[in-house]
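If you're matching positions, the sequence shown starts at 2 in our numbering and goes up one per residue.
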Amino acid sequence: MSPLEYTLKRLRAFLDEIRHLSTSEFPYRQSKDALQILEKIFEKYRSFLEDSKRDKILDEGTCKNVNRGIVTYLPILGFILRSTNVRNAFEVYGPTLRIAGAILEPHLPLTKRRTRLILSSEWNYSPLVYRELPTLPGFALIGLPAPESSNPLLIPLNGHELGHVVWERKKINLEIRKKIKEKILEIIMSRWDKFQKLFPDTLIALAPKR
């Protein structure tokens, strides 16, 4: 089996699974919206690869990208399926979505916000938030631990998990990391003599001019 045939086989199975999941009864439309977006994107890949006129080298590169995409988004399909589970606290979906919109789109009125939320479950003891996914922009995916589904303290954790989405989407890490580095260097320079005694071979180039 050639790489192209192998990739097409996996891709068709992936698309079949999306279509099967789309027949599920979702409590909120955002889950089905995500499936429709993924189906549209991966259907384009299928059409591209099935074109017999495609260049072989181009096919190989596309096959790698498609397989990488399948590996990345297959867990997302499972996550979306679990959003139908009755273990989920459906009653907190609306408030969490409003909070997500207020945090991620603070300057837009409620009627114009485009943030979409998928609230699901995870089979581990730590809440999980999926970082910004290139094919699902504007989606916040939060998974809460299924074994703790009856614990009311999970609800406040939604806000904590949304903080990870904000951190990722607004690239806060880049800004904070720079400030932390500058502050550390400032402290080192202010205590240079003591620092040199502890780390004599470190940051010699930064030694203050005498």
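The C-beta atom is built at its ideal place from N, Cα and C for all residues, glycine as well.
{"Check": "Express the C-alpha separation of Met2 and Ile81 in angstroms, rounding to a whole number.", "Outcome": "32 Å"}
{"Check": "Closest to Leu22 by CA distance: which of Asn66, Ile77, Gly95, Arg69 is it?", "Outcome": "Ile77"}
{"Check": "Using DSSP's beta-bridge definition, name the partner residues of Gly144.", "Outcome": "Ser121, Leu129"}
{"Check": "In the DSSP assignment, the alpha helix (DSSP H) including Glu6 goes from what residue to what residue?", "Outcome": "4 to 23"}
{"Check": "Where does Ile177 land, buried or exposed, given buried means 16+ other C-beta within 10 angstroms?", "Outcome": "exposed"}
{"Check": "Spell out a yes or no on whether the segment 60 to 68 and the segment 127 to 142 are touching, meaning 3 or more CB-CB pairs, one atom from each, closer than 8 Å.", "Outcome": "no"}
{"Check": "According to DSSP, is Gly70 part of a helix, a strand, or is it coil?", "Outcome": "helix"}
{"Check": "Among the residues of its own chain, which have a CB less than 8 Å from the CB of Thr85, if the five just before and after it don't count?", "Outcome": "Ser25, Glu26, Phe27, Pro28, Ser32"}
{"Check": "Classify Ala245 as helix, strand or coil using the three-state DSSP reduction.", "Outcome": "Nothing about residue 245 can be reported from this structure: the residues present for the chain run from 2 to 211 only."}
{"Check": "In terms of residue numbering, what span does the alpha helix (DSSP H) encompassing Lys198 cover?", "Outcome": "193 to 199"}
{"Check": "Counting pairs of beta carbons, one from the segment 144 to 152 and one from the segment 86 to 100, are three or more of them closer than 8 Å?", "Outcome": "yes"}
{"Check": "If the criterion is Cβ atoms closer than 8 Å, does the pair Ile19 and Leu36 meet it?", "Outcome": "yes"}
{"Check": "Drop a sphere of 10 angstroms on the beta-carbon of Ser48, count the other beta-carbons inside from all chains shown, and report buried for 16 or more, exposed for fewer.", "Outcome": "exposed"}
{"Check": "Are the CB atoms of Leu111 and Ser97 within a distance shorter than 8 Å?", "Outcome": "The amino acid occupying residue 97 in the given sequence is Thr; Ser does not appear at that position. No, they are not a contact pair."}
{"Check": "Find out if the Cβ-Cβ distance for the pair Phe15, Leu105 is shorter than 8 Å.", "Outcome": "no"}
{"Check": "In whole angstroms, what separates the C-alpha of Phe217 from that of Lys184?", "Outcome": "There is no way to answer for residue 217, as the model of the chain reaches only from 2 to 211."}
{"Check": "Mark Phe200 as exposed unless 16 or more other C-beta atoms lie within 10 angstroms of its C-beta, in which case mark it buried.", "Outcome": "exposed"}
{"Check": "Are the beta-carbon atoms of Thr136 and Ile71 separated by less than 8 Å?", "Outcome": "no"}
{"Check": "Contact defined as beta carbons within less than 8 Å: I believe Asn159 pairs with Val93. What is the distance between those atoms, to the nearest angstrom?", "Outcome": "7 Å"}
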